[in-house]
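Visitor: Just passing along the structure, written as structure tokens.
Residue numbers (this note's numbering): 505 to 619.
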């Protein structure tokens with residue numbers, strides 16, 4: 505999982521507007537989450553993604569990939585901001601470690617995505 509963090513005082517996390525891309529674990533460490541809380545949050549967000557995927561599948565079978573935009577409030581509660589049916593992952597290309605980008609590209613090609 506990756507994170508997008510906006511500039512201080514800004515709501516937008518968009519990479520093109522100065523947002524920073526990172527890994528969830530590292531972002532939560534910087535926010536002083538304990539190791540056990542980070543593991544819980546990773547499990548919670550994984551379950552959330554699976555649940556959203558199942559809901560989409562129940563109502564339509566045409567979706568091959570979904571991207572969830574989720575915000576964590578000051579107490580760490582997750583809030584779904586939007587669900588993208590054709591998520592953009594090109595900003596991941598900017599990260600030093602390209603493994604997540606390459607893995608997502610591989611999955612997307614498996615499902616027939618061309619761009």
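Where a beta carbon is used, it is the ideal one built from N, C-alpha and C, also for glycine.
The structure presented is a predicted model; accordingly, all values stated were derived computationally and were not measured.
Are the Cβ atoms of residue 553 and residue 532 separated by less than 7 Å?
Guide: What you label residue 553 is simply residue 49 of the chain shown in a count that begins at 1. What you label residue 532 is simply residue 28 of the chain shown in a count that begins at 1. It is not a contact, given that the beta carbons lie outside the stated cut-off.
Visitor: Can you tell which of 577, 563, 600 has the C-alpha that lies nearest to the C-alpha of residue 535?
Guide: Indexing the chain shown from 1 puts residue 535 at position 31. Comparing Cα-Cα distances from residue 535 to each of 577, 563, 600, the minimum goes to 577.
Visitor: Excluding sequence positions up to five away, which residues of its chain have a Cβ less than 6 Å from the Cβ of residue 595?
Guide: Locating residue 595 in the chain shown gives position 91, where the first residue counts as 1. Excluding sequence neighbours, residue 595 sits near 519, 525.
Visitor: Near residue 522, what residues of its chain come up, given a Cβ to Cβ distance below 6 Å and the 5 sequence neighbours on each side ignored?
Guide: By 1-based counting over the chain shown, the position of residue 522 is 18. Only 511 meet the Cβ criterion.
Visitor: Using three-state DSSP, classify residue 615 as helix, strand or coil.
Guide: Taking the chain shown and counting its residues from 1, the one referred to as residue 615 is at position 111. Coil at residue 615, not helix or strand.
Visitor: In chain order, what residues of the same chain have a beta carbon less than 8 Å from the beta carbon of residue 561, not counting five sequence neighbours either side?
Guide: Against the chain shown, residue 561 aligns to sequence position 57. Taken in chain order, the residues that qualify are 567.
Visitor: Inspect the beta-carbon positions of residue 559 and residue 574 and report whether they are closer than 7 Å.
Guide: What you label residue 559 is simply residue 55 of the chain shown in a count that begins at 1. What you label residue 574 is simply residue 70 of the chain shown in a count that begins at 1. Against a cut-off of 7 Å, the Cβ pair of residue 574 and residue 559 comes out as no contact.
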